[in-house]
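Read through the structure below, which is laid out as structure tokens, and then see the notes.
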DNA sequence: GTCTATACCTTGATAGAC
DNA sequence: GTCTATCAAGGTATAGAC
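Here is the structure:
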């Protein structure tokens, strides 16, 4: 049976990657742990990167499967929205504790440049992202729609931070209680947002494309455009003579045009931003613009 | 001037580590970027790990320095507590954007087993952690004291999550506004916690253990002191005869005295802790204490 | 299909001329 | 102090006998 052998390699690889990380877990280690020769692994997986990708995908499937199974349980429909949310958070906590390696940023890993892996990674990331959006909408309904990506971000941030404490084994609490605690905090954040209606930070447009595709060119251009719009608006509010403001706005317009041109003149952009940087009120805009363009 | 050369290596290393990560930035790369031979680097830094540690330390000093500088500004005292908080959050955001590599978990890196690095890492982590606690206490006052570590955790989680969006260049907002947004969300979480008084998840005891670090001598002494205090208090709450508790508290006092003496008698410490370890309720304290002292 | 043995490469680190 | 040249270690991946 070749499948059995392949699965054994995969399971062992998952275990070792989890324990030692990508770089430190060598093919040699995995082969030894499987009780076979290194060359045999290469009969099933063409490279270490492909093996890791397979491990990554297999691991991620688990969470979504478990969440789906939850909804098929008999008692599920009788639960309150909040309790449903809590249950799902609990599952997510448990899953993430076990699969921490596969949840973090892969920026540091050599595999972060492997195209096959990146494709798989993005797919899973998007699925998780959409799933989180779904469960928050289910729990809190339409009112959070305008902020939903901010809500997802805040939820994920809190979740991951507590997770690191769990990882350090300093939380003497069952995951069920931790999940309840997190949900209570989310309650507070969300009801406040619904009441005060702040301007969302993460716009749907960005969340949509960028989470999948951080380096997506059109998305970034759109972001730059919005930032320049904001800066333009801010200039209008400055306590300065009208003609000064007019001039600053012209500079902003030139900057905007230059950013959209392909290829853009980086020297001109530098000069224009340097000019705007002279106005203290605009400095933080300019800085963020720099960040976007670099 | 040897210092100039050393600094050049350090700056280049920081740049390359930031851009490519620890593993992918080779000494070869760094040497080439410096315009010198690889062997020359080894005249200044004994190993790659030491170079990385130096880069890490140099980078971290910046944030705390900048925060300290902020407080010396003239207008500082006239700001409201909330505005002070917002300003500090802004600085932290800007700093963290620039030094992302040095802020993440190093679990995946080979350097995570280097003792020198771990010591430096923990020291900086503890300093940042204490700083965050400080600024939140300053902004919200004593009422948050019981939850302060949870508040810090939630703040850090939200902060890091938004940071990843900044990193992905999808946030069309100056850091000043993002900081204000985050502070508003923290407001909601905190006033809710003050109102509902939930049981904290992260106990001060745990916070010490995970963040205040054994390798930093003064910090460690303080940690030990607080830990013994906590243990002393716990002894007072035991359901035991008064004279038994009295005796246990005497042992704790001796332990405390011995820990503060330099050099301390490790055998005596072992004996004292072993004695306290006989009381089940104190066992987890003893274990952590042992950890701090090892 | 599975093993042994090895080719080949990239690292970090060093020796030794200048 | 700085270079060139080189080493040793450890990694991925493969060739070839069985």
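Protein chains in written order, with the UniProt record's numbering: chain A, 1 to 294; chain B, 1 to 294.
Glycine included, each C-beta is placed from N, C-alpha and C at the ideal position.
Excluding the five sequence neighbours on either side, which residues of its own chain have a C-beta within less than 8 Å of the C-beta of residue i, listed in chain order?
| i | result |
| --- | --- |
| residue 189/B | 151, 154 |
| residue 4/A | none |
| residue 282/B | 231, 234, 235, 248, 276 |
| residue 120/A | 53, 56, 57 |
| residue 116/B | 49, 50, 53 |
| residue 14/A | 55, 58, 59 |
| residue 265/B | 258 |
| residue 137/B | 144, 145, 148 |
| residue 242/B | none |
| residue 118/A | 112 |
Check each candidate in the options and name the one with the smallest Cα separation from residue i.
| i | options | result |
| --- | --- | --- |
| residue 269/B | 71/B, 19/B, 141/B, 289/B | 289/B |
| residue 279/A | 240/A, 8/A, 27/A | 240/A |
| residue 295/A | 139/A, 131/A, 199/A | In the structure displayed, chain A extends from 1 to 294; residue 295/A sits before or after that span and is not available. |
| residue 180/B | 199/A, 264/A, 70/A | 199/A |
| residue 132/B | 172/B, 80/B, 271/B, 84/B | 84/B |
| residue 112/A | 144/B, 93/B, 74/B, 21/B | 21/B |
| residue 23/A | 266/A, 48/A, 33/A | 48/A |
| residue 145/B | 259/B, 71/B, 264/B, 191/B | 191/B |
| residue 125/A | 80/A, 61/A, 109/A, 141/A | 61/A |
| residue 110/B | 286/A, 25/A, 40/A | 25/A |
| residue 259/B | 226/B, 243/B, 242/B | 226/B |
| residue 168/B | 114/A, 130/A, 294/A, 35/A | 294/A |
| residue 141/B | 118/B, 80/B, 164/B, 42/B | 80/B |
| residue 103/B | 137/B, 243/B, 164/B | 164/B |
| residue 204/A | 263/A, 130/A, 267/A, 242/A | 130/A |
| residue 287/A | 93/B, 114/B, 286/B, 46/B | 93/B |
With C-beta atoms as the reference, is residue i less than 7 Å away from residue j?
| i | j | result |
| --- | --- | --- |
| residue 10/B | residue 30/B | no |
| residue 86/B | residue 166/B | no |
| residue 82/A | residue 135/A | no |
| residue 64/B | residue 95/B | no |
| residue 284/A | residue 186/B | no |
| residue 97/A | residue 173/B | no |
| residue 238/A | residue 245/A | yes |
| residue 196/A | residue 170/B | no |
| residue 91/A | residue 67/A | yes |
| residue 157/A | residue 177/B | no |
| residue 37/A | residue 12/A | no |
| residue 228/A | residue 256/A | yes |
| residue 44/A | residue 8/A | no |
| residue 101/A | residue 18/A | yes |
Which same chain residues, not among the five before or five after residue i, have their C-beta less than 6 Å away from its C-beta?
| i | result |
| --- | --- |
| residue 159/A | none |
| residue 99/A | 59 |
| residue 143/B | 194 |
Who are the near neighbours of residue i in its chain, counting only those whose CB is closer than 7 Å to its CB and skipping five residues on each side?
| i | result |
| --- | --- |
| residue 251/A | 272, 275, 276 |
| residue 147/A | 193, 200 |
| residue 254/B | 272 |
| residue 27/B | 38, 41, 48 |
| residue 46/B | none |
Residue ranges of each beta strand (DSSP E) within the UniProt domain "HTH tetR-type" (3-63) of chain B, 3 or longer: Under the rule that a run must span 3 or more residues, no beta strand (DSSP E) segment is found entirely inside the UniProt domain "HTH tetR-type" (3-63) of chain B.
Complete runs of the alpha helix (DSSP H) confined to the stretch 241-266 of chain B [at least 4 residues]: Runs of the alpha helix (DSSP H) inside the stretch 241-266 of chain B: 242-260.
Inside the stretch 70-154 of chain B only - alpha helix (DSSP H) runs reaching at least 4 residues: When DSSP assignments are scanned along the stretch 70-154 of chain B, the uninterrupted stretches of alpha helix (DSSP H) that are 4 or more residues long and fall wholly within it turn out to be 81-98, 100-103, 115-140.
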